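Asker: Pasting a structure here, questions to come.
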Amino acid sequence: MPGFLPALLTAAALSAPSSASWLHTLELPALPHSEITYASNGYIEVAQVLAKLPGNPDWLLQAQRMVKAIYRARPGLAEVDLSLYKASEYQGSDPAAPLPRFTASVPKSRLEAFVHLSPLNLASYDRAWLYAAKEPAVPALPVKASRGHLIYRGEASSKYVAFTFDDMPHPLYTPLLLDLLRREGVRATFFVIGRNALAYPYFVRDMVAQGNQVGNHSYDHRRFITLSEAGVQAEVLRTNAILQSLTGQPVQLVRPPGGRLDPAISRQLRDLGLDVVFWTDDPGDYLRFRPKVLETRLEVRFKPGAIVLLHDNVPETLVTLPEFFRYVRARGFIPGTLSDLVSGPSAPKP
Ligand SMILES: [Zn+2]
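As structure tokens, then:
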């Protein structure tokens, strides 16, 4: 999310009174130390568990207990996603906070497979992640043949509009967003935070499997202008290595957290061969406007060649997207990825 709020706008003036109508809580006394929330994209319902467990439990066993209890309590769920932390380590979503100890994504169709896993065959389940004491090292500086570009907008003559989502992935909203985009027949560009990709690798694989484009949004969302040259390099290269290992493709795009850059950092990123992506339309979805207000803000900013900036962790964005896609299409444009906008479609539509 950008590091500033527009001066003339206060969140209180226009935002939804609370998140209560989009986000629901499931109270299960049998699962202490766990906050269970669920949300819908209008088609499917997904639940997220945030658990802060005392001691050093058997993470897999705890996760299996939780998933069974949650599906029993709410059988209509399409997916349950878990983030299990050590209670003594949990520090919220601060960029420097410790990572979870265990994460998993359990679609209903995989429930039986998940509850029958043991530590010995955990690796056979491709939607679970167990913390490994060391975070990935910063790889060596790559040799790039060419310098990256600064991308502020697309050509006004393009029939595409780029939809970009920052701060991905999120264990509740990413599956809802991916499901919605699939139903809408839209591929988008996702700017992924490296440490989130590390802890939820399966969501990054899902993005790519669905034909979306993945870019670098730093390792832990630190503002690049607050870092040394070596610090920026570590943020970018570490995230590139994580993304490349998950997607099998080199990373081409970077969007600095908050979009804040100075000329030296801009040059540094381009020298790494990365295209630096800005945006034309930022409706400020993270301010949590009511969907009608968000839709109006998107529509008044809309223009040919647009790069639309949204976030996947905002429920009102999910509610607004189908209506905005309709608006874009009614004007003769096609919602797509950043590459669709700047270089035409690179692959057949799914
Ligand atoms: Zn961000």
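Each residue of the sequence shown is one higher than the one before, counting from 267 in the numbering used here. Note that beta-carbon positions come from the ideal geometry of N, C-alpha and C, so glycine has one too. Remember, predicted model here, so these are calculated numbers, not experimental data.
Mapping DSSP to helix, strand and coil, what is P549?
Answerer: Three-state DSSP puts P549 in coil, outside helix and strand.
Asker: Identify every residue that forms a DSSP beta bridge with G481.
Answerer: Paired residue(s): F457.
Asker: By how many angstroms is the C-alpha of H415 removed from the C-alpha of R453?
Answerer: Spanning the two alpha carbons is a distance of roughly 22 Å.
Asker: With a threshold of 16 other CB atoms inside 10 Å of the CB of Q314, please say whether the residue is buried or exposed.
Answerer: With 16 or more other Cβ atoms within 10 Å, it is buried.
Asker: Report the rounded CA-to-CA distance for A465 versus F368, giving the unit in angstroms.
Answerer: Their backbone Cα atoms lie some 8 Å apart in a straight line.
Asker: Quick check on S423: does DSSP put it in helix, strand or coil?
Answerer: S423 falls in the coil class under three-state DSSP.
Asker: Compute the beta-carbon to beta-carbon distance between A394 and A370, rounded to the nearest angstrom, for a pair I have assumed lies under 8 Å.
Answerer: At roughly 4 Å, the Cβ-Cβ gap stays under 8 Å, so A394 and A370 are in contact.
Asker: Quick check: does the Cβ of H483 come within less than 7 Å of any heavy atom belonging to ligand 1?
Answerer: Correct: H483 has its Cβ closer than 7 Å to ligand 1.
Asker: Under a Cβ-count criterion, where at least 16 other Cβ atoms within 10 Å of its own Cβ denotes burial, should V346 be classed as buried or exposed?
Answerer: V346 comes out buried.
Asker: So who's on the other strand from Y351, going by DSSP bridges?
Answerer: In the DSSP output, where bridge partners are listed per residue, Y351 has K318.
Asker: Let me know if A406 comes out buried or exposed under the rule of 16 or more other beta-carbons within 10 Å of its beta-carbon.
Answerer: Burial call: exposed.
Asker: CA-CA distance, T513 and A329?
Answerer: Whole-angstrom Cα-Cα distance: 26 Å.
Asker: Considering Cα atoms alone, identify which of V608, A428, A596 and R521 is closest to L540.
Answerer: Nearest of V608, A428, A596 and R521 to L540, Cα basis: R521.
Asker: Reducing DSSP to helix, strand and coil, say where L289 ends up.
Answerer: Coil, per DSSP.
Asker: Run through DSSP, which three-state label would S306 get?
Answerer: Note: S306 maps to strand in three-state DSSP.
Asker: Applying the criterion that 16 or more other CB atoms from any shown protein chain within 10 Å of the CB defines a buried residue, is E561 buried or exposed?
Answerer: Result: buried.
Asker: Does the separation of the CB atoms of P385 and L326 fall below 8 Å?
Answerer: Yes, they are a contact pair.
Asker: Find the nearest neighbour of T492 within the set A463, P408, G342 and R526, judged by alpha-carbon distance.
Answerer: The shortest Cα separation from T492 among A463, P408, G342 and R526 belongs to R526.
Asker: Please find out if some non-hydrogen atom of ligand 1 comes closer than 7 Å to the beta-carbon of H382.
Answerer: H382: no, Cβ never under 7 Å from ligand 1.
Asker: Going by C-alpha to C-alpha distance, which of F457, I336, D324 and P320 sits closest to G481?
Answerer: Residue F457 is the option with its Cα nearest to G481.
Asker: In this structure, how does DSSP classify P557 when only helix, strand and coil are distinguished?
Answerer: Correct three-state label for P557: helix.
Asker: Within a Cβ cutoff of 8 Å, which residues of the same chain sit near E582, ignoring the five residues on either side of it in sequence?
Answerer: Only A282, W288, D551, R554, F555, R556, P557 and L560 meet the Cβ criterion.
Asker: Taking N478 as the reference, give the member of Q534, S390, P435 and P549 with the closest Cα.
Answerer: Here the closest residue by C-alpha is P435.
Asker: Do A339 and L442 come within 8 Å of each other at the CB atom, strictly closer than that value?
Answerer: No; because the gap between Cβ atoms is not below 8 Å, this pair is not in contact.
Asker: Where do the ends of the beta strand (DSSP E) carrying P600 lie?
Answerer: As written in the sequence, residue 600 is Ile, which differs from the Pro given in the question. I600 to G602 is the span of the beta strand (DSSP E), which, as asked, contains I600.
Asker: Should A353 and V312 be called a contact, given that it needs their Cβ atoms to be closer than 8 Å?
Answerer: Going by C-beta atoms, A353 is not nearer than 8 Å to V312.
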